[in-house]
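Residue numbers (UniProt numbering): 1 to 148. Report on one structure; see the data block that follows.
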Amino acid sequence: MRDEIWSHRSAPAACAADVLWQCAPATASELTDSRARLRERLADGGPAAPGEERLDLLMLAYEELGSNALRHGLPPVEITVTLSCGTWVLDVSDGAPGREPTPAVDRDPAAGGLGLHLVARLAAAHGWDSHDGRKHVWACIDAVPDGD
């Protein structure tokens, strides 16, 4: 059975996007360190000071998509976070444009592999695309909860 929750489509067009973060982690440890630095930057009232819950969602998506790229993609892995119209756009790219993100199906949750499902549920929009010799897996996380 093939899970189509990760569609092959480009990220939404940005409206006056500000690049908040860029990094190229080569290891899981570097990924975790970069996530902590991004969290500090955003929590310190930077250009996108969010509520704690919103920030937690972005950090979870960052770690899940970044670790998938390190584990299943090819180097270099590059991560960019932009703020566009009140939404963070997380773009994780790697050098394996022919390897599409494949969510785990019929797997014991204890075996892992549920990160793509989790990000799909948390994100306002998500997908993947290949261009310029790279695969881009992206997710949009609302920086401000509905009603704020």
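Idealized CB from N, CA, C, for every residue including glycine. Model, not experiment: these values are computed from the prediction.
**Study point:** Nearest neighbour of C140, chosen from I5, W88 and Y62 [CA to CA]
**Key:** As a working note, residue 140 is residue 140 in the sequence shown. Among I5, W88 and Y62, the Cα nearest to that of C140 is on W88.
**Study point:** Where L31 sits in the DSSP three-state scheme
**Key:** On the sequence shown, position 31 is the one that residue 31 refers to. The DSSP-derived three-state label of L31 is helix.
Exercise for review: Report the rounded CA-to-CA distance for D18 versus A104, giving the unit in angstroms.
Suggested key: Counted from its first residue, the sequence shown places residue 18 at position 18. Counted from its first residue, the sequence shown places residue 104 at position 104. So the alpha carbons of these two residues sit roughly 33 Å apart.
Practice item. Could you pull the start and end residues of the beta strand (DSSP E) that H72 belongs to? Key: Here residue 72 refers to the residue found at position 72 of the sequence shown. Taken as a continuous stretch (DSSP letters only), H72 belongs to no beta strand (DSSP E), being part of the alpha helix (DSSP H) at E52 to H72.
Review point. Going by Cα to Cα distance, which pick from E100, L58, I79 and R134 is closest to A43?
Key: Sequence index remark: in the sequence shown, residue 43 carries index 43 (1-based). For the set E100, L58, I79 and R134, the Cα lying nearest the Cα of A43 is the one of L58.
Check your understanding: If you draw a straight line from the alpha carbon of D129 to that of P76, how long is it in whole angstroms?
Key -> For the purposes of this step, residue 129 is taken as the residue at position 129 of the sequence shown. For the purposes of this step, residue 76 is taken as the residue at position 76 of the sequence shown. Rounded to whole angstroms, D129 to P76 spans 16 Å at the Cα level.
Practice item. Sort W6, A143, A26 and P25 by Cα distance to G86 and report the nearest one. Key: Here the question's residue 86 lines up with position 86 in the sequence shown. Considering only alpha carbons, the answer is A143.
Exercise for review: Thinking L83 and Y62 are a contact (beta carbons under 8 Å), I'd like their distance in whole angstroms, please.
Suggested key: Against the sequence shown, residue 83 aligns to sequence position 83. Against the sequence shown, residue 62 aligns to sequence position 62. Going by Cβ atoms, the distance from L83 to Y62 rounds to 14 Å, so no, they are not a contact pair.
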